[in-house]
Amino acid sequence: MQRINGTVLIIAALVATVGALAFPVWSFADRSGTGQANLNASTVATQWGPLSATDRDFLVKVRLAGLWELPAGQQAIERAPSQAIKEAGDHLIVGHTDLDVRARDAAAKLGVQLPNQPTEEQQGWLRELSAASGKEYEYKFANLLRNAHGKVFGLIAQVRHTTRNSLIRQLASDANQTVLDHITMLEATGMVDFDAIANEAAGLATSSPTGPPPPDGNLPPAPQPAEPSGGVSLTSEPSPAEPGTVNTERPEVRPAG
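Per the UniProt record's numbering, residue 1 is the first one in the sequence shown, and the count goes up by one each step.
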């Protein structure tokens, strides 16, 4: 009887040990609310690779950008008083016409439904532009569009970095080039208020910036050209040679200063 009881205890101990080892693995794989679980829950399989919720959101945002920036670009060509704004508007039209075709093609292949009109906020921006004129129009155009492009730029980088879908990866590469071109053209107007953009971004920040401390204002002096060894100057002219002779003297060396 004692031998049987001992065997039972050994078996029970082994079962408990195996259960203790297996529980962390099982609980980690089954935990809801983790980033990995959320990614898996929102991802669908396609022949071009997994398609995540972030990928689908990116497709929608590319489409929405074209829906309001195309009419904004057309309006700029028709109404802007300066050539720089007109050229920025032309780049908006060319870039988003091409990008919209690519986005709709990718969405059709991936089965993602896209919107057909801008958001309420984007429609408000278009109304704001329509109500302005002259310098006010130029300022609003440059800053509304530069701010919108700057915000979507971060999403493009995130998608390009993390997507596992080849169609989305190619669209992100195309969008990166287009948006950077538009940012460059808008900044070339000279109308972008960088202080306002920085202040808005600072207001949305959720953590303090890190990095080296700011300079104290006492910047080091600019480096001076090095003098020849011995602190001498070689600026004097060579001694004139007598007619018919070759001057073999070295230049006179004077102390510097």
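Idealized CB from N, CA, C, for every residue including glycine.
All of these numbers come straight from a predicted model, not from anything done at the bench.
Look at the beta carbons and you see the region 134 to 147 touching the region 193 to 206: at least three pairs across the two are nearer than 8 angstroms. Contact between the region 180 to 196 and the region 79 to 94 is present: 3 or more CB-CB pairs across the two stretches fall below 8 angstroms.
A straight-line Cα-Cα distance of about 37 angstroms links R127 and N165. In the three-state DSSP reduction, V112 falls in the coil class, being neither helix nor strand. Here the region 91 to 102 does not lie against the region 49 to 59, with fewer than 3 beta-carbon pairs under 8 angstroms apart. For Q170, the uninterrupted alpha helix (DSSP H) segment begins and ends at S166 to E187.
For N38 and Q113, the gap between their C-alpha atoms comes out near 21 angstroms. Listed in chain order, the non-local C-beta contacts of I77 below 8 angstroms within the same chain comprise K86, G89, D90 and I93, local neighbours out to five positions each way being set aside. In the three-state reduction of the DSSP assignment, V192 falls in the coil class. Nearest in C-alpha terms to L171, of all of E136, L110 and F141, is L110.
A direct Cα-Cα distance of roughly 45 angstroms separates P215 from Q75. Under the 10 Å beta carbon count, A41 is surrounded by fewer than 16 other beta carbons and is classified as exposed.
For Q158, same chain residues with a beta-carbon under 8 angstroms away, outside a window of 5 residues either side, are T54 in chain order. Distance between D174 and E136, taken at the CA atoms: about 32 angstroms. The Cβ neighbour count for E120, taken over all protein chains shown within 10 Å, is under 16; the residue is labelled exposed. When the alpha-carbon of G73 is set against those of Q177, I168, P212 and K140, the nearest one is in K140. The Cβ neighbour count for T210, taken over all protein chains shown within 10 Å, is under 16; the residue is labelled exposed. With respect to the C-alpha of Q122, the residue from Q36, W68, V60 and V192 having the closest C-alpha is W68. Looking at the DSSP output, L51 shares a beta bridge with V44. The Cβ-Cβ distance between L99 and T163 does not fall below 8 angstroms. Nearest neighbour of A45 by Cα position, chosen from L204, G203, R160 and L167, turns out to be L167.
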